Ligand SMILES: Cc1ncc(COP(=O)(O)O)c(C=O)c1O
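Protein chains in written order, with the numbering used here: chain A, 6 to 408; chain B, 232 to 528.
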């Protein structure tokens, strides 16, 4: 059995067509796009095309609204720090409790070391936001709102278009980390009030180390990197031309496959989920199953731990990821699971399966064939598991001394 | 992906003694569900010979937690309770051919389950004697709780100090920001601020766990022998009692024993040992261990 890759929210394979497209930019097309000779000229043209390809995928009004960066994390940092510098009289930031560390760690730092007030919107058990709580927080002290379009762990979608309208009504900038959404759901930024948006290439079959910050024309902006006039002075540093060209091609391909993603890929995801839930007791889907990315499914297998599941899966040639503490070396399970109030005995056993258009329907059957056995074997070793199911009153039956 | 040894993988994929022992007469349950690792150890102890005739584990946890549990049961089967109590977490880790620093706590959990089970057999109550925090220094496996405690108790104020006392930060140096955060926090409690002009410690090329136990013991012995003449001049002496994992147990004798400078002397000896071995060692008076064993039952 060939290896099965179901960890596409972590990173994706670079599409073969994308590799082909970028290769010349390592060899004959090595010029600097800023140079006044034909070596640079061709590179400049290719980058212009890439900018237009990304513009189309995002539904942006102008291609000059696309700023190439080195990754999703850089786009996120640039957006937040720009807003704080552009609005020095405002010292509040609104984010959600379930943001990616690219936003969360930065905001925790700003709160601790630079005296900003960070409001983290809470989520309910399905990972949904309370827009009344949000409305009450918006005020003339808010420098920026940053809410992810889709959550990387559960795939849950957030109503960012509505939230951007609400922010605008109060004169507040709105940024969204759309790293997981771009290429998976249709976007049309020109019909929204979103001011800034982050993209990461390696989540949509482009290489790692290239990203985009969408910056709506007219948005007050302060660059993170100052230097040369690259990206119209909004992001200095000689461009990563090969990767930018690659990201353009990947964006074009993603746009062509949007329909496929939301039908065929979604069908594989749904079949996997239903198959696993039917075969495995004490398992449930986390997040909001009615409103999520078409490629993502996150299942909590109760009473066992995720890293152990991943090791067993890996031995069977299946790649997925987990929200357990052990996989990240931290002391707590995923902050996303904690924010949704998932109990520890389930949060540590959450497994994310994330598809791409390169997965095959047969792979779904192969995964459904092996996972139930893995779960059963691990449960046999669990102190919470009896002969044929969880022990009665698990929290009382096993109450270890904290160590 | 963790760098697990083949032995760890073997004990994870083919666990020995999984499940509860039938007619067990000793049970230890330890761990933390919030951290994602917990273990129930069941033993069958022969009341006459005090020998462990059977051992089984039930573990909620990651690959190395399951492997450590499996290893523990293999190590202790056939041992008397007193023999079993001498098993350290280092023994469990070594049995497995080593564990990544982030995973050493799994071996600690194994040892604690054993202590708890033996206490249970003897009708005693077992209490945990350590607290674990987030891992700060990955080169030497030093956590935030230990660093904060050391900073507080010794009035430390620089990363260099922390490296000298705990070894944390003496490797790749990428945790220096984290260490400074802890120092800043403790200093703030005293109404002080951190002086950022202190030089950062010279980075010593770190090779954690590079030595065998025997090599480590010989090196420690040599360092202590070299220090003795100095102490004898002050009408004192020091005796090496034992080495357990990275803890060196010593007896302070004569003028050194109980004197106000004892802690300082031990600190100095520790530093000499750490410098000589190039890895973190703790020097502790042996009388402390006796107290711990009593608590541990
Ligand atoms: C939601 C989200 N934001 C940001 C990032 C970071 O992107 P990059 O790896 O390009 O810095 C990721 C990738 O893990 C992500 O899932």
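Glycine included, each C-beta is placed from N, C-alpha and C at the ideal position. Remember, it's a predicted structure, so these values are computed and weren't measured experimentally.
A distance of 7 Å or more separates the beta carbons of residue 214 of chain A and residue 230 of chain A. Restricting attention to A:347, A:62 and A:340, the CA atom closest to the CA of residue 192 of chain A is found in A:62. Using a CB distance cut-off of 7 Å, residue 264 of chain B counts as an interface residue toward chain A. Not one heavy atom of ligand 1 lies closer than 6 Å to the C-beta of residue 17 of chain A.
Think of a sphere of 8 Å around the beta carbon of residue 246 of chain B: the chain A residues whose beta carbon falls inside it are 386, in chain order. Close to residue 320 of chain A, with beta-carbon spacing below 9 Å, are these residues of chain B in chain order: 240 and 244.
Here the distance from the Cβ of residue 188 of chain A to the nearest heavy atom of ligand 1 is not below 6 Å. When Cβ-Cβ separations below 7 Å define contact, residue 310 of chain A makes contact with chain B. Look at the region 201-225 of chain A: it has no residue with a C-beta under 9 Å from a C-beta of chain B. Within the same chain, Cβ atoms closer than 8 Å to the Cβ of residue 379 of chain B are found at 364, 413, 416 and 417, the five residues on either side in sequence being excluded. The beta carbons of residue 333 of chain B and residue 377 of chain B sit about 15 Å from each other, so the pair does not count as a contact at 8 Å. Annotation: the continuous alpha helix (DSSP H) that includes residue 337 of chain B extends over 335-352.
Secondary structure in the region 79-117 of chain A: the beta strand (DSSP E) runs of 3 residues or longer, each lying completely within the stretch, are 97-101 in chain order. The contact set of residue 411 of chain B on chain A, defined by CB atoms closer than 8 Å, is empty, because the minimum CB distance reaches about 11 Å.
Residue burial annotation: residue 175 of chain A is exposed, with fewer than 16 other C-beta atoms found within 10 angstroms of its C-beta. Pairing residue 385 of chain A with residue 250 of chain B, the inter-Cα distance amounts to about 7 Å. In chain order, 388, 403, 404, 405 and 406 make up the part of chain A whose C-beta sits under 8 Å from the C-beta of residue 260 of chain B. Annotated three-state conformation of residue 205 of chain A is strand, per DSSP.
Secondary structure note for residue 303 of chain A: its beta strand (DSSP E) is the uninterrupted segment 301-306. In this structure, the C-beta of residue 159 of chain A stays at least 6 Å away from each heavy atom of ligand 1.
Residue 483 of chain B: member of the beta strand (DSSP E) spanning 478-485, first to last residue. Among the residues facing chain A, residue 293 of chain B is included, as its CB has a counterpart in that chain under 7 Å away.
The nearest non-hydrogen atom of ligand 1 is less than 6 Å from the C-beta of residue 185 of chain A. Note: residue 75 of chain A is not bridge-paired with any residue in the DSSP secondary-structure output.
Per DSSP, reduced to three states, the secondary structure at residue 295 of chain A is coil, with no helix or strand assignment.
Distances from the CB of residue 205 of chain A to the heavy atoms of ligand 1 include at least one below 6 Å. Within chain B, the residues whose beta carbon sits less than 7 Å from that of residue 349 of chain A are 264 and 265, listed in sequence order. Here residue 236 of chain A is buried, its C-beta having at least 16 other C-beta atoms within 10 Å. Taking the Cα positions, residue 390 of chain A is about 17 Å away from residue 376 of chain A. Looking at the backbone, the Cα of residue 383 of chain A and that of residue 341 of chain B are separated by about 18 Å.
Residue 259 of chain B and residue 270 of chain B have their C-alpha atoms some 8 Å from each other. Taking a contact to require three or more Cβ pairs closer than 8 Å, the region 505-518 of chain B and the region 447-457 of chain B qualify as touching. For residue 463 of chain B, no chain A residue has a Cβ inside 8 Å of its Cβ, as the nearest lies near 42 Å away. Under a criterion of Cβ atoms nearer than 7 Å, the residues of chain B adjacent to residue 316 of chain A are, in order, 243 and 294. Minimum Cα-Cα distance from residue 82 of chain A among the listed residues A:304, A:234 and A:228 corresponds to A:228.
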